[in-house]
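Report on the following structure.
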Amino acid sequence: MKILHLLDPDFVVFGPYMYMIPTVFLYILLIYLILFSEHRKKFSYAFYKIFALKAGASIICVVTFEICFRLPDAPAAASFMRLLPPTGVFPKSLFVICYHNGTVMFMMEGFMSFNRATTILLSTRHNGFWARAMPWIYVVSAVFPLTFTWSLFFVNVTLFPDDINDDTDDRSFKMEDAPVSQDTATFYILIALALLSLWNIVWNLYTLSYLVRRALRAFRASSNTAKVVCDTRQFIFSFLTFLIELFTIIVTVSSLNDNNKV
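Here the UniProt record's numbering is used: the first residue of the sequence shown is 1, the next is one more, and so on.
Have a look at this one:
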């Protein structure tokens, strides 16, 4: 028996909210600063716009994931779950939106790491390249995830809250006449996330190696250190958010696999 199954289910579900809720509020604040505040002109570069897309997708993914997968397992959330339509378009839409935005989240991480790398590869052409690329990034973020999530439209999703007095094993999603099984669809999505993670790692390592060499030259020459510090901070921010998202995905997939084995 896994250790999570020895703990109170409400604690397992609501415990992570101690860091999830502040993170969501922080993302909302950053989105406001980048897109709507009086200081938004300072954040007009593509890096910040991509991050805003990533932050928005992360918030949507977290909320829909909680409703679809985690809250049904919390007895304390049963009253709230019973207020939601248990079948039909609503739960299916949540399910598709969750997977779609999870894919978008990792795609934006990949664009952020590539954005940092192009400051090296393209030098002065960097800003012009991303100004032309941004409209396509919006289109890709809306369309490309459908290549992995299209079969989820055929999933019959049912949101059944967990009843502590009920011993039945109701899953939060079921398949009905689906052309591709839910496990196969999940496999394709995980492969996509693995490839995006590899893309992130390669470009982050490339950028890191360059920044280290340039920082050493700049500090030795005591020149252009402000630019070095700015680029380094943006790289560290991008790399840390990637690691956090990767760790979250690994833990989430592991917990779902454990639940399916029970």
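Beta carbons are placed, not taken as given, at the ideal position from N, Cα and C, and that holds for glycine.
If you're wondering where the values come from, they're calculated on a predicted model, not measured in any experiment.
Annotation for T118: H126 place their beta carbon closer than 6 Å to its own, counting only its chain and skipping 5 residues before and after. When C-alpha distances from F111 are compared across F65, K42, V202 and P22, the shortest belongs to V202.
Runs of alpha helix (DSSP H) with 4 or more residues, each lying fully within the segment 77-163, are found at 78-82, 89-121, 126-143 and 146-149, listed in chain order.
When secondary structure is reduced to three states using DSSP, S37 falls in the coil class, being assigned neither helix nor strand. DSSP places S44 outside both helix and strand once states are collapsed to three, so it counts as coil.
Note that the segment 43-63 touches the segment 23-31; at least 3 beta-carbon pairs, one per stretch, sit closer than 8 Å. Counting along the chain, the unbroken alpha helix (DSSP H) around D10 starts and ends at P9 to F14.
The shortest CA-to-CA distance from L205 to any of F187, F242, D8 and V24 is the one to F242.
Closest option to Y27, judged by alpha-carbon separation, among A55, H39, P135 and V157: A55.
When DSSP states are grouped into helix, strand and coil, A74 belongs to the coil group.
For F106, the closest of W150, S37 and S141 by C-alpha to C-alpha distance is S141. Within the model, the alpha-carbon separation for F90 versus A194 is close to 29 Å. Within 10 angstroms of the beta-carbon of H100 lie 16 or more other beta-carbons, which makes it buried. Contact between Y188 and F148 is confirmed by a C-beta separation of about 5 Å, below the 8 Å threshold.
Residues T158, L159 and F160 of the same chain have their beta carbon placed closer than 7 Å to that of P86, with the five preceding and five following residues left out of the count. Counting other Cβ atoms within 10 Å of its Cβ, S58 reaches 16 or more and is therefore classed as buried. If you draw a straight line from the Cα of R70 to the Cα of I120, it comes to about 42 Å. The distance from the Cβ of F95 to that of V155 is about 6 Å, consistent with a contact at the 8 Å cut-off. Residue burial annotation: E38 is exposed, with fewer than 16 other C-beta atoms found within 10 angstroms of its C-beta. Of P16, L146 and F114, the smallest CA-CA separation from A133 is found for F114. It is roughly 28 Å from the alpha-carbon of C68 to the alpha-carbon of S238. The C-alpha of I137 is placed about 34 Å away from the C-alpha of L84.
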